[in-house]
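A quick write-up on the structure given underneath.
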Amino acid sequence: MKTLHVISSSPFSDDRLSSCLRLLGSDDGLLLCGDATYATQPGSSHAEALAALQGVSLYALDEDIQARGLKPAVAIERIDYPRFVALACEFSKVNTWL
Numbered sequence: 000m001k002t003l004h005v006i007s008s009s010p011f012s013d014d015r016l017s018s019c020l021r022l023l024g025s026d027d028g029l030l031l032c033g034d035a036t037y038a039t040q041p042g043s044s045h046a047e048a049l050a051a052l053q054g055v056s057l058y059a060l061d062e063d064i065q066a067r068g069l070k071p072a073v074a075i076e077r078i079d080y081p082r083f084v085a086l087a088c089e090f091s092k093v094n095t096w097l
């Protein structure tokens, strides 16, 4: 089942991103929003882990990337809120990591 995983917490404050990465399937998607976008910072182990993913679609809310002044080190599709809604409809399931 294609699942869109949504993470908003900073990867530097808890291990939700690491836990999520272990469970991702090859057809899944990962959307970083809020402080989770810090995972895309160049030189971080989180960015390296994201770059190593295969078959997983990576997304980040562009508004959150811009608000934090980030320049992602990984190939990630920067999306807006309407695209977020469309993604939720495209995937069979949405799992928000609270």
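In case it helps, numbering that gives the first Met the number 0 puts the sequence shown at residues 0 to 97.
In this text, a Cβ means the ideal position worked out from N, Cα and C, and glycines have one as well.
All values reported here derive from a predicted model rather than from experimental measurement.
State yes or no: is the C-beta of residue i within less than 7 angstroms of the C-beta of residue j?
| i | j | result |
| --- | --- | --- |
| Ala74 | Ala46 | no |
| Gly54 | Ser18 | no |
| Thr36 | Ile64 | yes |
| Ala59 | Leu29 | no |
Sort out for me which residues DSSP pairs residue i with in a bridge.
| i | result |
| --- | --- |
| Leu3 | Gly28, Val93 |
| Arg82 | Per DSSP, none; premise fails for Arg82. |
On the three-state DSSP scale, how would you describe residue i?
| i | result |
| --- | --- |
| Arg67 | coil |
| Ala46 | helix |
| Ala59 | strand |
Kindly list the residues whose CB is nearer than 7 angstroms to the CB of residue i, restricted to its own chain and excluding five residues on each side of it in sequence; keep chain order.
| i | result |
| --- | --- |
| Tyr80 | none |
Beta-carbon within less than 8 angstroms of residue i's beta-carbon, same chain only, minus the 5 sequence neighbours each way: which residues are those?
| i | result |
| --- | --- |
| Lys70 | Pro41 |
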